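Structure first, commentary second.
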Amino acid sequence: MKVVGLSGANVGTKTRTAMDYTLQVAREKYPEADITLIDLAEVEMIFSDGRNYHDYEGDTKTVAETIMEADAIIIGTPTFQASIPATLKNVFDLLPVNAFRDKVVSIIVTAGTPKHYMMVEQQLKPILSYMKAHIVPTYVFIEEVDFLRKEIVNDDVLFRIDRLVEDTFIMSDTYRKIRKAKEEEYGF
Amino acid sequence: MEKYRIHPENGMEIGLYSIGDHLRNPLTGERISAQRRIQELIETAKLAEDAGLDVFAVGESHQPLFATQAHTVILGAIAQATNKIKIASSATVLSTADPVRVYEDFATLDLISNGRAEIVAGRGSRLGAYDLLGFDVRDYEELFEEKFELLLKLNDEERVTWQGQFRAPLNDAEVLPQPLNGSIPIWRAVGGPAASAIKAGYAGAPMTLTTLGGPSRAFIPAVQGYREAAERAGFDTKTLPITTTSLMYVAEDSKTALREYYPHLNSATIQLKGGGYPKQQFAAATDHRDALMVGSPQQIIEKILYQYEMYGHQRFLGEIDAGGVTIDQMKKNIELLATEIVPTVKKYTAKK
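Keeping their order, the protein sequence lines are chains A and B.
Numbering of the first sequence is given in our numbering, commencing with residue 5 and proceeding in unit increments.
Numbering of the second sequence is given in our numbering, commencing with residue 239 and proceeding in unit increments.
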């Protein structure tokens, strides 16, 4: 199973800190899984111009192709102006319309204020649904106060991340089995 | 219809087209050479003619995984290798070409083929041509509209005076050679959404509409929008033919067709679009209301006639060579198409 962690900010440390912990949990619990982190702060991306994702070059191509090859994607996103950052939206814009078909997508979101709690419901999930993702219903919302010097210090958040990782893997495995059962009936 | 060499009394025209994809055969892992791919296209055109099909078309794409960048040259070879079958593009990316050169090429092709050449002009669904040939994709719409207007003018007038944004002006220019009978059919290539079909209607040009898959009903807005726009612009829709084009694979029974074709279509989709062809969607092809032309001859007949009732179109073209399908498989497809499908479809669509 191929899992991609996508850290959606090109600035700041909270989202990356949360993603590092999340992937560490995933690697410990599912050592056989192939787990990759893409941190948009560490790659040089160009803006989507509508071409097929295979036709980009450099990091843009690598990022798009890595995501397309994944079975599950764990997205970590900060909250900018009550929405996802442009860097993350750009990744979605690079991909085909049905890019997340047969993929499980789960979400971790960081924000400076609890007022942004609904951002994922209102801004991120509609995009993922449109792109045909199987979305893990519960996401992990992490505030500024939950971090101290690049570490998560709220046990509740840590437990919720543990559950998110488990849900991502179980859901992915379950959908794979459903798909397999269905495809065996077709006979082609 | 006469102007476009369409004769409704003979029933629907049926033919083949290729977009020239040059992909591995997913079952053998083999990717034939570009030379062999091109020669097999010419060979397939001969087989189509021998089987009595009406049209053979080749389209251009300017990027890796394609072999028909110089589609007019291939069409020239096909013109020489055949005697009766109509020869068309599918499509010519007019936006990145010079309409004068396009017209010269196809008028020449018309002379070589003894009056069998047709142009299907499109904007290109892949962007390779824009990059390679130095056009800005931001001019996507205007490039095409301007060039298409000029192309039609070149077809209608012997001496042309014209001026536009993307090419040097023409001052009483004589574009030669002239086609065999003064003009050639020029179609407009249209994707599924109605917007592009409506533009074809306003231009009063025959429409070649891609109906690759999904519910056939979904293309009604494109067909209706096309005819309404043509009428608004003052054209008689009874004189404007419509072609539909779809991926096609026929076998003795639907199970065999699905089993043999799925790996090719799936691998082509992965390589050209990304993401694969969902089996659930593919399985829907067995329903006569779905546009993907995969199944037994009887199923394909039902699909074409179901569409004919809805669109009233004059020509259907099947793409049988996508995703590394072998020439032996194509031979079988052509045989089933010609012997079992064509006679029935023509019988039911001939206008007395």
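From the three backbone atoms N, C-alpha and C, an ideal C-beta is built for every residue, glycine too.
Since the structure is predicted, the reported quantities are computational estimates derived from the model, not experimental observations.
When the distance is taken between beta carbons, is Ser327 (chain B) closer than 9 Å to His309 (chain B)? Translated into the one-based positions of the second sequence, residue 309 (chain B) becomes position 71. Translated into the one-based positions of the second sequence, residue 327 (chain B) becomes position 89. In contact: His309 (chain B) and Ser327 (chain B) (Cβ atoms closer than 9 Å).
Supposed contact pair Val7 (chain A) and Ala76 (chain A) - C-beta distance, whole angstroms, cut 8 Å: Position 72 of the first sequence, counting from 1, holds the residue named residue 76 (chain A). Position 3 of the first sequence, counting from 1, holds the residue named residue 7 (chain A). Indeed they touch by this definition, with Cβ atoms about 5 Å apart.
Please tell me whether Leu313 (chain B) and Ala355 (chain B) are closer than 9 Å, where the distance is taken between their beta carbons. As a position in the second sequence, residue 313 (chain B) is number 75, starting the count at 1. As a position in the second sequence, residue 355 (chain B) is number 117, starting the count at 1. Yes; because the gap between Cβ atoms is below 9 Å, this pair is in contact.
Quick one: is Lys541 (chain B) near chain A, going by C-beta distance under 9 Å? In the second sequence, residue 541 (chain B) corresponds to position 303, counting from 1. Closer than 9 Å: no.
Tell me the residue span of the alpha helix (DSSP H) that contains Gly314 (chain B). Residue mapping note: residue 314 (chain B) aligns to position 76 of the second sequence, counting from 1. Run containing Gly314 (chain B): His309 to Ala319, per the alpha helix (DSSP H) assignment.
Does any residue of chain A bring its CB to less than 9 Å from the CB of Gln307 (chain B)? Sequence index remark: in the second sequence, residue 307 (chain B) carries index 69 (1-based). Cβ-Cβ to chain A under 9 Å: no for Gln307 (chain B).
Starting from Leu274 (chain B), trace the alpha helix (DSSP H) in both directions and tell me its first and last residue. Translated into the one-based positions of the second sequence, residue 274 (chain B) becomes position 36. One detail in the question is off: residue 274 (chain B) reads as Arg in this sequence, not Leu. That run of the alpha helix (DSSP H) goes Ala272 to Asp288.
Taking C-alpha atoms, which residue in A:Phe145, A:Ala90, A:Ile165 and A:Met135 lies nearest to Ala115 (chain A)? Start at 1 with the first residue of the first sequence, and residue 115 (chain A) comes out as number 111. Nearest of A:Phe145, A:Ala90, A:Ile165 and A:Met135 to Ala115 (chain A), Cα basis: A:Phe145.
Roughly how many angstroms lie between the CA atoms of Ile276 (chain B) and Thr306 (chain B), to the nearest whole one? Taking the first residue of the second sequence as 1, we reach residue 276 (chain B) at position 38. Taking the first residue of the second sequence as 1, we reach residue 306 (chain B) at position 68. Rounded to the nearest angstrom, the two C-alpha atoms are 7 Å apart.
Taking the alpha carbon of Gln462 (chain B) as the point to measure from, which residue in B:Glu298, B:Lys437 and B:Gly452 has its own alpha carbon closest? For this step, residue 462 (chain B) is matched to residue 224 along the second sequence. Nearest option by C-alpha distance: B:Lys437.
Any C-beta of chain B under 9 Å from that of Lys65 (chain A): Translated into the one-based positions of the first sequence, residue 65 (chain A) becomes position 61. Not an interface residue.
Please determine, among B:Glu342, B:Ala435, B:Leu285 and B:Gln301, the residue with the shortest C-alpha to C-alpha distance to Phe294 (chain B). Against the second sequence, residue 294 (chain B) aligns to sequence position 56. It is B:Leu285.
Report yes if the C-beta distance between Ala86 (chain A) and Phe96 (chain A) is below 9 Å; otherwise report no. As a first step, residue 86 (chain A) is located in the first sequence; it is residue number 82 there, counting from the start. As a first step, residue 96 (chain A) is located in the first sequence; it is residue number 92 there, counting from the start. Not closer than 9 Å, so no.
Pick helix, strand or coil for Thr577 (chain B), following the three-state DSSP scheme. Numbered from its first residue, the second sequence carries residue 577 (chain B) at position 339. Three-state DSSP puts Thr577 (chain B) in a helix.
Quick one: residues in its chain with C-beta nearer than 7 Å to the C-beta of Gly52 (chain A), no 5 flanking neighbours on either side, listed in chain order? Position 48 of the first sequence, counting from 1, holds the residue named residue 52 (chain A). Checking the sequence shown, residue 52 (chain A) turns out to be Ser, not Gly. If we look at Ser52 (chain A) and ignore the five residues flanking it on each side, its Cβ neighbours are Asn94, Asp97 and Leu98.
Would DSSP call Gly366 (chain B) helix, strand or coil? For this step, residue 366 (chain B) is matched to residue 128 along the second sequence. Helix.
Taking 9 Å as the CB-CB cut-off, is Met5 (chain A) touching chain B? Working through the first sequence from its first residue, we reach residue 5 (chain A) at position 1. Cβ-Cβ to chain B under 9 Å: no for Met5 (chain A).
Examine the ligand MN and report whether any of its heavy atoms sits within less than 8 Å of the Cβ of Glu498 (chain B). With respect to the ligand MN, the structure offers nothing, as it holds no ligand at all.
Would you say Ala560 (chain B) faces chain A, with C-beta separation under 9 Å as the test? Counting from one through the second sequence, the residue named residue 560 (chain B) turns up at place 322. No, Ala560 (chain B) does not count as interfacial toward chain A.
Between the CA atoms of Tyr549 (chain B) and Lys107 (chain A) - distance to the nearest angstrom: Position 103 of the first sequence, counted from the first residue, corresponds to residue 107 (chain A). Position 311 of the second sequence, counted from the first residue, corresponds to residue 549 (chain B). Near 37 Å, if we compare the C-alpha coordinates of Tyr549 (chain B) and Lys107 (chain A).
Simplified DSSP state of Ser492 (chain B), which is helix, strand or coil: Position 254 of the second sequence, counting from 1, holds the residue named residue 492 (chain B). Reduced to three states, the DSSP call for Ser492 (chain B) is helix.
Compare the C-beta of His58 (chain A) against all C-beta atoms of chain B and say whether one is closer than 9 Å. Along the first sequence, one-based indexing puts residue 58 (chain A) at 54. Taking 9 Å as the CB threshold, His58 (chain A) lines the interface with chain B.
Which runs of the alpha helix (DSSP H), 4 residues or longer, sit entirely within the stretch 15-51 of chain A? The alpha helix (DSSP H) runs of length 4 or more contained entirely in the stretch 15-51 of chain A are, from start to end of the chain, 18-33.
Selected residue, minimal CA-CA separation from Ala283 (chain B), among B:Phe344, B:Asp491, B:Phe554 and B:Val296: The residue given as residue 283 (chain B) occupies position 45 in the second sequence. Looking at the Cα atoms, B:Val296 is the closest of the given residues.
For chain A, find out if any of its Cβ atoms is closer than 9 Å to the Cβ of Ala456 (chain B); answer yes or no. Taking the second sequence and counting its residues from 1, one reaches residue 456 (chain B) at position 218. No, Ala456 (chain B) lies away from the interface with chain A (no Cβ there is under 9 Å from its Cβ).
By Cβ distance, which residues of its chain are closer than 7 Å to Ala576 (chain B), with the 5 residues on each side in sequence left out? Position 338 of the second sequence, counting from 1, holds the residue named residue 576 (chain B). Contacts found: Ala289, Gly290 and Leu291.
Output needed in chain order: residues of the stretch 71-86 of chain A with a Cβ under 8 Å from some Cβ in chain B. Taking 8 Å as the cut-off between beta carbons, the residues of the stretch 71-86 of chain A near chain B are Met72, in sequence order.
Distance between beta carbons of Arg339 (chain B) and Ser299 (chain B), contact taken as under 8 Å: Here residue 299 (chain B) refers to the residue found at position 61 of the second sequence. Here residue 339 (chain B) refers to the residue found at position 101 of the second sequence. With a Cβ gap of about 18 Å, Ser299 (chain B) and Arg339 (chain B) do not count as contacting.
Within 9 Å (strictly less), CB to CB, does Pro453 (chain B) reach chain A? Working through the second sequence from its first residue, we reach residue 453 (chain B) at position 215. No, because no Cβ of chain A sits closer than 9 Å to the Cβ of Pro453 (chain B).
Whether Gly442 (chain B) touches Ser505 (chain B) by CB criterion (9 Å): By 1-based counting over the second sequence, the position of residue 442 (chain B) is 204. By 1-based counting over the second sequence, the position of residue 505 (chain B) is 267. No.
From the beta carbon of Lys511 (chain B), is the nearest beta carbon of chain A less than 9 Å away? Position 273 of the second sequence, counted from the first residue, corresponds to residue 511 (chain B). Chain A, which has a Cβ nearer than 9 Å to the Cβ of Lys511 (chain B), makes this yes.
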